[in-house]
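Reading the sequence shown from the start, the letters are residues 246 to 547 in the working numbering. Okay, so here's the structure we're looking at.
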Amino acid sequence: MIQIQAALFWAYAIGATFALSAGRQLQVWERINAGEGPRTRSRAANPYLALTALFAAVLMVPTGLFLLWQNPAWATMHVASGHEGVWAGFVLFYAGGIPVAAITGFLVAQALVLVGAGYWAYLQCVGGYFLLFGTLIHGWDGSGYERFLSPGAKDFAEWPKDSVVNHVLGFLTSGTFLALLLFGAAVIGTMLMTEIGWLMEGWSLPGADEDRKVPRFLGIAIAAAGVYGLPFVGALLASGLVRLLGGWLGLPLFAVLAGVTLLHGRSPVRWLYGLVGVPGRHWRAGLDDDGHVDGLRADRSA
Numbered sequence: 246m247i248q249i250q251a252a253l254f255w256a257y258a259i260g261a262t263f264a265l266s267a268g269r270q271l272q273v274w275e276r277i278n279a280g281e282g283p284r285t286r287s288r289a290a291n292p293y294l295a296l297t298a299l300f301a302a303v304l305m306v307p308t309g310l311f312l313l314w315q316n317p318a319w320a321t322m323h324v325a326s327g328h329e330g331v332w333a334g335f336v337l338f339y340a341g342g343i344p345v346a347a348i349t350g351f352l353v354a355q356a357l358v359l360v361g362a363g364y365w366a367y368l369q370c371v372g373g374y375f376l377l378f379g380t381l382i383h384g385w386d387g388s389g390y391e392r393f394l395s396p397g398a399k400d401f402a403e404w405p406k407d408s409v410v411n412h413v414l415g416f417l418t419s420g421t422f423l424a425l426l427l428f429g430a431a432v433i434g435t436m437l438m439t440e441i442g443w444l445m446e447g448w449s450l451p452g453a454d455e456d457r458k459v460p461r462f463l464g465i466a467i468a469a470a471g472v473y474g475l476p477f478v479g480a481l482l483a484s485g486l487v488r489l490l491g492g493w494l495g496l497p498l499f500a501v502l503a504g505v506t507l508l509h510g511r512s513p514v515r516w517l518y519g520l521v522g523v524p525g526r527h528w529r530a531g532l533d534d535d536g537h538v539d540g541l542r543a544d545r546s547a
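Right, here's the structure in full:
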């Protein structure tokens, strides 16, 4: 349901966020199946991965294809002015690429969670959403937000002739925005409910509340700010620096600022990540003689 140039970034970010939200469950799942046969350990047996693929295939792909058919100019960020400008193979790439990107994001984040690198799994979410917002805000030529707020090719062509307020009002009263509103309620609503539900499910596992340093409601708010708010602010900052200093100076400066903010050992982002109680280290599930989980213990050596 988003413009094609940003859709794969969004799908990757959603997959990574789903895996991080279910991080504790994935760690337990891996260890419960550690001694079982190849059938139960296959990728398809992972219910969280299966639900991620189902979300991408059932919700993201059909809504995106509907908008591409209804308004190809907006869906392609005005690269194509109509159906005749959209190559059929591009549609096929979009329909197949969304589930693949979501599954890839999930598997990468899951692999990081399972080796005790939960914070790096979180950075997969940040990176995916940063690229999403960066495409919509700046784009490849600085006109990303203009392309997003122009429901038709004519609106985009006449952007310099009218005020930003009028363009925003025109977009908010367009059929494209109505479709986004309806689809967004289904896609984004389901996405948020899934992420919150899996996060709370993980908090119910033995020992999880010891890692969560804040009440659940505040933990969800911090998680949302870190996954969605931080990349959005970063995309705005990157766009501003590029506009002020140019790409050759603006992007390296932003990279340095982002590195200090995200990677420094005493980064406030790392501190906030530690408050939420999502996996920050390696967990093992202790199994009794019957193969049931009898408790969880943190292995800080990983």
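Glycine included, every Cβ here is placed at the ideal spot set by N, Cα and C.
Thinking residue i and residue j are a contact (beta carbons under 8 Å), I'd like their distance in whole angstroms, please.
i	j	result
Y339	R515	In fact, because the Cβ distance is near 36 Å, the residues do not count as touching under 8 Å.
A301	A347	4 Å
A453	Q355	Between Q355 and A453 the Cβ distance is about 18 Å, and since that is not below 8 Å, they are no contact.
V358	P513	In fact, because the Cβ distance is near 22 Å, the residues do not count as touching under 8 Å.
V273	L450	7 Å
A483	F462	No, A483 and F462 are not in contact; Cβ-Cβ is about 31 Å, not under 8 Å.
Kindly indicate which three-state DSSP category residue i falls into: helix, strand or coil?
i	result
R545	Below a pLDDT of 50, predicted positions are generally treated as unreliable, and R545, at 35, falls in that range; no measurement from the model is reported.
T349	helix
Q248	coil
W274	helix
S408	coil
T418	coil
V387	At residue 387 the sequence reads Gly, which differs from the Val that was named. Looking at G387 - three-state DSSP - the assignment turns out to be coil, as it is neither helix nor strand.
M322	coil
S484	helix
H509	coil
L299	helix
A468	helix
K399	helix
A340	helix
V521	helix
L368	helix
V306	helix
A453	helix
W332	coil
P292	helix
A356	helix
E500	Note on identity: in this sequence residue 500 is Ala, with Glu being the wrong assignment. The answer is helix: DSSP assigns A500 an H, G or I state.
T267	In the sequence as presented, Thr is not what sits at residue 267; that position holds Ala. Coil at A267, not helix or strand.
A549	This structure does not reach residue 549, given that the chain is present from 246 up to 547, and the question cannot be answered.
V514	helix
P317	helix
A362	coil
P460	coil
L377	helix
Enumerate in chain order the residues of its own chain whose CB-to-CB distance from residue i is below 7 Å, with the five nearest sequence positions on each side excluded.
i	result
R392	M322, H323, G384, F401
G536	Because G536 sits at a pLDDT of 44, beneath the cut-off of 50, its placement in the model cannot be relied upon, and the point is left open.
F428	M246, T308
E440	T262, F263, S266
E275	L359
Using only CA atoms, which one of the options lies nearest to residue i?
i	options	result
A503	L490, L486, G491, G519	L486
M438	T262, L253, A252	T262
L377	G519, I247, Y518, V523	I247
T297	H328, G309, A256	A256
A366	D456, L490, T349	T349
V413	A251, L394, Q272, F428	L394
A267	G327, G334, N278, L352	L352
A469	K406, Q355, V371	V371
F335	A258, V432, A431, Q250	Q250
D456	E403, R269, A252	R269
I343	T380, A252, P497	A252
L481	I382, E440, A264	I382
M445	E275, G464, S419	G464
I259	R276, E275, W274, Y293	Y293
L489	G387, M436, Q369	G387
V478	R461, L417, T506, G442	T506
L299	E403, V432, L496, N411	V432
G471	H328, Q369, G327, E329	Q369
Using C-beta distances below 6 Å, list every residue in its chain close to residue i, excluding the 5 sequence neighbours before and after it, in chain order.
i	result
T421	N316, W319, P396
L532	Since pLDDT at L532 reaches only 42, below the 50 mark, its modelled position is unreliable, and no value is offered.
F459	The sequence shown places Val at residue 459, not Phe. Here the set comprises L520.
A398	A318, H323, S326
Between residue i and the rest of its own chain, which residues show a CB-CB distance below 8 Å, the 5 nearest in sequence each way excluded?
i	result
D534	Because the pLDDT of D534 is 40, which lies under 50, any placement of that residue in the model is unreliable, and the question is left without a value.
Y473	Y374
V331	L313, P317, T321, A325
L425	M246, L312
G491	none
L508	none
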